[in-house]
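In the working numbering, the protein residues as written are 842 to 1181.
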Amino acid sequence: MWNFNLTRPFIENGTSPVVTQLVSLSLRNTFLTVNGGILLLLSVAGLPINILNMMAFRKLGFDISMNISLFALSAADFACACLYAALAVIMQDMSGLIDLSIDLNDVQFMLGIVIVCLSAYGSCVTALINLERCCCVIFPTKFKDYFTRKSTICLLTAMLAVQMGIIATCTGSSSFSVTKSPTSGGRSRLRLKTSRLGRIFFIELLFWGASVPFMLSFVGIVVSTIFLSTALNQRNRWLKSLPGSQIETIAKNQKLVGTVVAISATYIICFLPKVTVSFVDLFNPALNPMVTSKGNIAFVGVSFMRIFQAFSGMFNIFIYVKMNSKFRQYLKKLLCCSPE
């Protein structure tokens, strides 16, 4: 198997020889079948959901920087849903539930590189949304000067360009060839080929260019979410104490910050397993359960992490519907094919 994580990928094809398996092959295949089915359902559901998200935010207008960021986040979730659907099919083939005409096990590694980069981009976008809301709380009269439509688009484009550059570099230094697999009953196998120098280069590039920004953004999201949740209550109490305070303004602020907190909380919960494994591998690789030397348990652990991440990508629409009346209105029109 191509085993990798968010920190330093392990370029090893095949399970480690002579290893004490904590999970038997039959149990591993059962987990892959069940988890692959769940992953496929979540990823397929995430495709139309994120298309609707993007269409609704487009109709809400890009004159507000937060709508631009949420549109970008939905686009990243849509791309990840496509990749998770492909990974789910490969997992079902690995488990023996289906039999593809060609063994695509090695393709998981290249798909994983793209997912790591898109996860880093989505993490940075979420951190940017939180930063904007924090500035709104701290500098309520000046934050719009900092987060303009132009500055937001420039930041999002720059972050996307960095990750696309990493993906292009990593995929460009590798190639695939079709060979006969002796362990798959003579079935053809799509095997990944890359030079040793190329592997070392794009492992470091992926680590510093995608994994480190992802982990830093995750920490920033946690800190800013805690700040927003406490600052929101304090600010609303202050607004209520003012003479002639506007209840509508207070309610609007609550919903806006509440939306950001809900999105961030969902993100933190769903990506916490992945981040935990990444930090363990960074500081004590011997304890990382997702390396090839751990055998079948690595397959099972990765399959569970993918489910959490796919769930995060399709759940946000429920937060938007609950928190944003205009989003709810536009979404209803889209679903009913109603004219403007």
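Where is the CB? At the ideal position from N, CA and C, for every residue including glycine.
Option in the options with minimal Cα separation from residue i
{"i": "arginine 974", "options": "Ser942, Leu1069 and Ala897", "result": "Leu1069"}
{"i": "methionine 907", "options": "Cys976, Ile931 and Ser865", "result": "Cys976"}
{"i": "leucine 969", "options": "Cys995, Gln949, Asp947 and Val948", "result": "Cys995"}
{"i": "cysteine 965", "options": "Ala1072, Ala999, Leu945 and Ile943", "result": "Ala999"}
{"i": "glycine 1039", "options": "Ser1015, Phe1055, Cys923 and Gln1095", "result": "Ser1015"}
{"i": "methionine 951", "options": "Thr982, Leu901 and Ala927", "result": "Ala927"}
{"i": "asparagine 891", "options": "Ser1166, Lys1173, Asn1157 and Met1164", "result": "Asn1157"}
{"i": "threonine 1050", "options": "Gly1154, Asp947 and Gly1006", "result": "Note that residue 1050 is glycine in the sequence shown here, rather than threonine. The shortest C-alpha separation from glycine 1050 is found at Gly1006."}
{"i": "phenylalanine 1017", "options": "Thr1071, Phe988, Gly1061 and Ile943", "result": "Ile943"}
{"i": "glutamine 1004", "options": "Phe1048, Ala1151 and Lys900", "result": "Phe1048"}
{"i": "serine 884", "options": "Leu911, Ser867 and Ala917", "result": "Ala917"}
{"i": "threonine 967", "options": "Lys1096, Val1060 and Trp1079", "result": "Val1060"}
{"i": "leucine 1176", "options": "Ala897, Val1118 and Phe988", "result": "Ala897"}
{"i": "alanine 920", "options": "Thr1071, Ala1139, Gln1075 and Ala886", "result": "Ala886"}
{"i": "leucine 882", "options": "Asn894, Leu924, Met895 and Leu911", "result": "Leu924"}
{"i": "valine 1173", "options": "Leu866, Leu888 and Asn894", "result": "Residue 1173 is actually lysine in this sequence, not valine. The shortest C-alpha separation from lysine 1173 is found at Asn894."}
Contacting residues, own chain, Cβ-Cβ under 7 Å from residue i (five flanking each side not counted)
{"i": "isoleucine 1008", "result": "Ile954, Val955 and Cys958"}
{"i": "serine 992", "result": "none"}
{"i": "threonine 1010", "result": "Phe1043 and Leu1046"}
{"i": "phenylalanine 1055", "result": "Leu847, Ser960, Ala961 and Ser964"}
{"i": "serine 1153", "result": "Thr1107, Tyr1108, Cys1111 and Phe1112"}
Coil, strand or helix - residue i by DSSP
{"i": "arginine 1032", "result": "strand"}
{"i": "glutamine 989", "result": "According to the sequence provided, residue 989 is threonine. The question's glutamine does not apply to it. DSSP places threonine 989 in coil when its eight states are reduced to three."}
{"i": "serine 1065", "result": "helix"}
{"i": "aspartate 816", "result": "As displayed, the chain neither begins before 842 nor continues past 1181, which places residue 816 out of reach and without an answer."}
{"i": "lysine 1115", "result": "helix"}
{"i": "isoleucine 852", "result": "Confidence in isoleucine 852 is poor, its pLDDT being 36 and thus under 50, which makes the residue's placement too unreliable to answer from."}
{"i": "leucine 847", "result": "With a pLDDT of only 39 at leucine 847, under 50, the local geometry of the prediction cannot be trusted, and no value is derived from it."}
{"i": "serine 1016", "result": "strand"}
Beta-carbon contacts of residue i that lie in its chain and below 8 Å, excluding the five residues immediately before and after
{"i": "serine 1144", "result": "Phe872, Leu873, Asn876, Gly877, Leu880 and Met932"}
{"i": "phenylalanine 984", "result": "Glu973, Cys976 and Cys977"}
{"i": "threonine 1100", "result": "Ile1160, Tyr1161, Met1164 and Asn1165"}
Cutoff 6 Å; reference residue i; Cβ partners in own chain excluding five residues on either side
{"i": "leucine 813", "result": "Residue 813 is absent from the structure shown; the chain starts at 842 and stops at 1181."}
{"i": "phenylalanine 903", "result": "Ile909"}
{"i": "proline 850", "result": "Legend: pLDDT at proline 850 = 39, less than 50; position of this residue unreliable, no value from coordinates given."}
{"i": "isoleucine 1058", "result": "According to the sequence shown, residue 1058 is serine rather than isoleucine. Ser964, Cys965 and Ala968."}
Are at least three pairs of beta-carbons, each pair with one atom in the segment 918-935 and one in the segment 1026-1034, less than 8 Å apart?
no
Given 8 Å as the limit, is there contact between the segment 1052-1069 and the segment 1092-1107, that is, 3 or more CB pairs closer than that?
yes
Contact the segment 963-973 vs the segment 900-919: 3+ CB pairs below 8 Å
yes
Completely contained alpha helix (DSSP H) runs for the segment 919-995, where each covers 4 or more residues:
948-979 and 984-987
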